[in-house]
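Structure first, then comments.
Chains as they are written, first to last, in my numbering: chain X, 850 to 1221; chain Y, 186 to 366.
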């Protein structure tokens, strides 16, 4: 492949306020370093992920801060530097992809090479089309190819320019998992040779799991955590993030007592007599808290279980059963409503029906303490 | 301005400007040796001014109708504003450009006030079909007026269907889900 290997990281410090009237309705205030390789930006919609990418690409002017790739400064409020998008050497794939509808696949890919004097231009286009497995579609228009193919073309169009940073704004939304994986594999293969920082924005947990080496979680315009996918997803620090991370159960409760020797505390769930045991957190007895539990982490039994290591068993009645693809979503009324995921097979064997008495079994460490 | 100005008023001002002592007429005379008023060139000039707003509005509307994301994508791919305009905005605005052409054509075709003021009514030079119809009605030649009206109607209809045919084919070529071949 052409292009030298450069290991320049992206460093971003931006602040951007959106105003509605006189008050700032939304403030983006982020300070991050992205080394070469994939960094995931994760957060619920409205967290400021796209605005952050727009600031980096030069489509939106931050109110303050500095954006640089290695030593090359793209934006610096103090130095009065603000390069236009054309000069930043940043590639950006939007969620809508924004392929030019009136141009063929090939014309789309060549578009970014207009000013390139490289005599091997044609060869570069051929190589990138092949790399992303769309060389057979050269003559087609974007409307004539499938969604996955369009996503591949959008990547090829961006990467043929040999950018210094790649920004991806949920580019693989709407693709099935297998197709997603194959596109991501091709992207990784490309980046093994070029080693540029890739910022990948997503709000779905599956993509974080599948892609992530490094995850930065964003909420309300701020970074709320940073680390491996496990670290970020499994310890939600904010409620909205907990919802985004797939915690279907988010329950209000009151801390009853702390058992520091056991490393747990007991929480009484609001409006019910049920108490559950959760890992010890920074809380005092009497404090109102929220507990996040994933629907897939709850076991369901039709008889009262005994001899379990799990500390939390709650009795309840089935309030609703709903089939969602290969998943059964059960709502169980234990004074508060729990959402539980089952397989259709389990639903059959347990002969679940509305109104049936069941017991929920929840491990202490599946209960996540969320401060409000 | 030409959008709200009565055609006769616009025509009157154009006539003054184009007259031998007007700025436009004087300039024209030094360049080409003859005046502008009551000539075909003068007529064209006045019509352009009169119909321009009818062309500009659909043009602007269609330029603005181009997806902003495409323009951003173009900028990020290194294209200057000019290149973005030429390669993205213009080709995607073809339907709007054609609409602008149809509108201003139809508008000019039926124009009366400006034409009469600036061009007068000289057979073979500035007598447009609309004025000819008016002329014949004035001299009670209803059969002749009818013939000319029919000519104008058929012509308008032919141009209109031709232009919309081209427009449709363009749209299909640009966004068709089926291969163009």
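Ideal placement from N, C-alpha and C gives every residue a C-beta, glycine not left out.
Keep in mind it's a predicted model, so treat the numbers as computed, not measured.
For my contact list, residue i and residue j are in at a C-beta cut-off of 8 Å; report their separation, rounded to the angstrom.
{"i": "residue 1021 (chain X)", "j": "residue 1032 (chain X)", "result": "6 Å"}
{"i": "residue 225 (chain Y)", "j": "residue 310 (chain Y)", "result": "6 Å"}
{"i": "residue 885 (chain X)", "j": "residue 1045 (chain X)", "result": "6 Å"}
{"i": "residue 1144 (chain X)", "j": "residue 1214 (chain X)", "result": "In fact, because the Cβ distance is near 16 Å, the residues do not count as touching under 8 Å."}
{"i": "residue 958 (chain X)", "j": "residue 1005 (chain X)", "result": "5 Å"}
{"i": "residue 1167 (chain X)", "j": "residue 1194 (chain X)", "result": "Going by Cβ atoms, the distance from residue 1167 (chain X) to residue 1194 (chain X) rounds to 17 Å, so no, they are not a contact pair."}
{"i": "residue 304 (chain Y)", "j": "residue 223 (chain Y)", "result": "6 Å"}
{"i": "residue 1231 (chain X)", "j": "residue 1125 (chain X)", "result": "No answer is possible for residue 1231 (chain X): it lies beyond the span of chain X, which begins at 850 and ends at 1221."}
{"i": "residue 889 (chain X)", "j": "residue 1061 (chain X)", "result": "5 Å"}
{"i": "residue 1003 (chain X)", "j": "residue 919 (chain X)", "result": "With 8 Å as the limit, residue 1003 (chain X) and residue 919 (chain X) do not qualify as a contact, their Cβ atoms being about 26 Å apart."}
{"i": "residue 1140 (chain X)", "j": "residue 1219 (chain X)", "result": "7 Å"}
{"i": "residue 299 (chain Y)", "j": "residue 195 (chain Y)", "result": "6 Å"}
{"i": "residue 1118 (chain X)", "j": "residue 1207 (chain X)", "result": "With a Cβ gap of about 17 Å, residue 1118 (chain X) and residue 1207 (chain X) do not count as contacting."}
{"i": "residue 1113 (chain X)", "j": "residue 1129 (chain X)", "result": "6 Å"}
Got a sec: is the Cβ-Cβ distance from residue i to anything in chain Y below 9 Å?
{"i": "residue 939 (chain X)", "result": "yes"}
{"i": "residue 1222 (chain X)", "result": "Here chain X covers residues 850 to 1221 and nothing more, so residue 1222 (chain X) does not appear."}
{"i": "residue 985 (chain X)", "result": "no"}
{"i": "residue 960 (chain X)", "result": "yes"}
{"i": "residue 1148 (chain X)", "result": "no"}
{"i": "residue 1133 (chain X)", "result": "no"}
{"i": "residue 1111 (chain X)", "result": "no"}
{"i": "residue 1200 (chain X)", "result": "no"}
{"i": "residue 981 (chain X)", "result": "no"}
{"i": "residue 967 (chain X)", "result": "no"}
{"i": "residue 951 (chain X)", "result": "yes"}
{"i": "residue 963 (chain X)", "result": "yes"}
{"i": "residue 1010 (chain X)", "result": "yes"}
{"i": "residue 1006 (chain X)", "result": "yes"}
{"i": "residue 899 (chain X)", "result": "no"}
{"i": "residue 945 (chain X)", "result": "yes"}
{"i": "residue 851 (chain X)", "result": "Unreliable placement is indicated for residue 851 (chain X), whose pLDDT of 40 sits below 50; no coordinate value is reported for it."}
{"i": "residue 934 (chain X)", "result": "yes"}
Just grab the DSSP bridge partners of residue i for me.
{"i": "residue 1106 (chain X)", "result": "X:1115"}
{"i": "residue 1172 (chain X)", "result": "X:1177"}
{"i": "residue 881 (chain X)", "result": "X:861"}
{"i": "residue 1188 (chain X)", "result": "X:1180"}
{"i": "residue 1068 (chain X)", "result": "X:1071"}
{"i": "residue 1210 (chain X)", "result": "X:1148, X:1162"}
{"i": "residue 1217 (chain X)", "result": "X:1141"}
{"i": "residue 1098 (chain X)", "result": "X:1142"}
{"i": "residue 891 (chain X)", "result": "X:1051, X:1066"}
{"i": "residue 917 (chain X)", "result": "X:860, X:922"}
Taking 9 Å as the CB-CB limit, is residue i close to chain X?
{"i": "residue 272 (chain Y)", "result": "yes"}
{"i": "residue 258 (chain Y)", "result": "yes"}
{"i": "residue 252 (chain Y)", "result": "yes"}
{"i": "residue 247 (chain Y)", "result": "no"}
{"i": "residue 263 (chain Y)", "result": "yes"}
{"i": "residue 276 (chain Y)", "result": "yes"}
{"i": "residue 365 (chain Y)", "result": "Model confidence at residue 365 (chain Y) stands at a pLDDT of 37, short of 50, so the residue's coordinates are unreliable and nothing is read from them."}
{"i": "residue 335 (chain Y)", "result": "no"}
{"i": "residue 361 (chain Y)", "result": "Bear in mind that the predicted position of residue 361 (chain Y) carries a pLDDT of just 43, short of 50, making it unreliable; the figure below should be weighed with that in mind. Residue 361 (chain Y) counts as touching chain X."}
{"i": "residue 244 (chain Y)", "result": "no"}
{"i": "residue 268 (chain Y)", "result": "yes"}
{"i": "residue 237 (chain Y)", "result": "no"}
{"i": "residue 255 (chain Y)", "result": "yes"}
{"i": "residue 352 (chain Y)", "result": "no"}
At a cut-off of 8 Å, would you count residue i as near the ligand COA, judging by its Cβ distance to the nearest heavy atom?
{"i": "residue 1150 (chain X)", "result": "Inclusion of the ligand COA in the displayed structure is not the case, the ligand content being empty and no account of it being possible."}
Original post:
Would you call the region 208 to 216 of chain Y and the region 267 to 279 of chain Y touching, i.e. three or more CB-CB distances under 8 Å?
Top reply: With a cut-off of 8 Å, the region 267 to 279 of chain Y and the region 208 to 216 of chain Y do not count as touching, because too few Cβ pairs lie within range.
Subject >> Segment contact, 8 Å Cβ cut-off, at least three pairs: the region 229 to 240 of chain Y with the region 253 to 272 of chain Y >> reply: No, because fewer than three Cβ pairs between the region 229 to 240 of chain Y and the region 253 to 272 of chain Y fall closer than 8 Å, the two stretches do not touch.
Original post:
If you scan the region 997 to 1031 of chain X from start to end, which runs of the beta strand (DSSP E) of 3 or more residues do you find wholly inside it?
Top reply: Here the runs fully enclosed are 1014 to 1018.
Original post:
Would you call the region 941 to 953 of chain X and the region 255 to 262 of chain Y touching, i.e. three or more CB-CB distances under 8 Å?
Top reply: Contact between the region 941 to 953 of chain X and the region 255 to 262 of chain Y is present, because at least three Cβ pairs lie under 8 Å.
Subject >> Meets three-Cβ-pair contact criterion under 8 Å: the region 1047 to 1055 of chain X and the region 980 to 990 of chain X >> reply: No, because fewer than three Cβ pairs between the region 1047 to 1055 of chain X and the region 980 to 990 of chain X fall closer than 8 Å, the two stretches do not touch.
Original post:
Taking one C-beta from the region 1059 to 1067 of chain X and one from the region 876 to 895 of chain X each time, how about it: are there three or more such pairs within less than 8 Å?
Top reply: Between the region 1059 to 1067 of chain X and the region 876 to 895 of chain X there are three or more C-beta pairs closer than 8 Å, enough to call the two in contact.
Original post:
Just by C-beta distance, which residues in the region 907 to 918 of chain X are closer than 9 Å to chain C?
Top reply: You won't find chain C in this structure, because its protein chains are X and Y.
Original post:
Is there contact here, the region 961 to 968 of chain X with the region 921 to 931 of chain X, by at least three beta-carbon pairs under 8 Å?
Top reply: As far as the Cβ criterion goes, the region 961 to 968 of chain X does not touch the region 921 to 931 of chain X, which means the pair count is below three.
Subject >> Ranges of the alpha helix (DSSP H) found wholly within the region 919 to 963 of chain X, counting only runs of at least 4 >> reply: Runs of the alpha helix (DSSP H) inside the region 919 to 963 of chain X: 954 to 960.
Original post:
Do the region 1132 to 1140 of chain X and the region 1159 to 1178 of chain X touch if we need at least three Cβ pairs shorter than 8 Å?
Top reply: Touching, no, given that fewer than three Cβ pairs across the two stretches are closer than 8 Å.
Subject >> Start-end ranges of the alpha helix (DSSP H) lying completely within the region 188 to 275 of chain Y, minimum 4 residues >> reply: Those alpha helix (DSSP H) runs which fall completely within the region 188 to 275 of chain Y and span 4+ residues are 192 to 203, 208 to 217, 225 to 249, 253 to 261, 266 to 269.
Subject >> Three-pair Cβ contact test at 8 Å for the region 278 to 292 of chain Y versus the region 246 to 253 of chain Y >> reply: The region 278 to 292 of chain Y, when compared against the region 246 to 253 of chain Y, does touch it at the 8 Å Cβ threshold.
**OP:** Would you list, in sequence order, the uninterrupted alpha helix (DSSP H) runs of no fewer than 4 residues that lie entirely inside the region 266 to 346 of chain Y?
**Re:** If one requires a minimum length of 4 residues, the alpha helix (DSSP H) runs lying completely within the region 266 to 346 of chain Y are 266 to 269, 279 to 294, 298 to 304, 314 to 323, in chain order.
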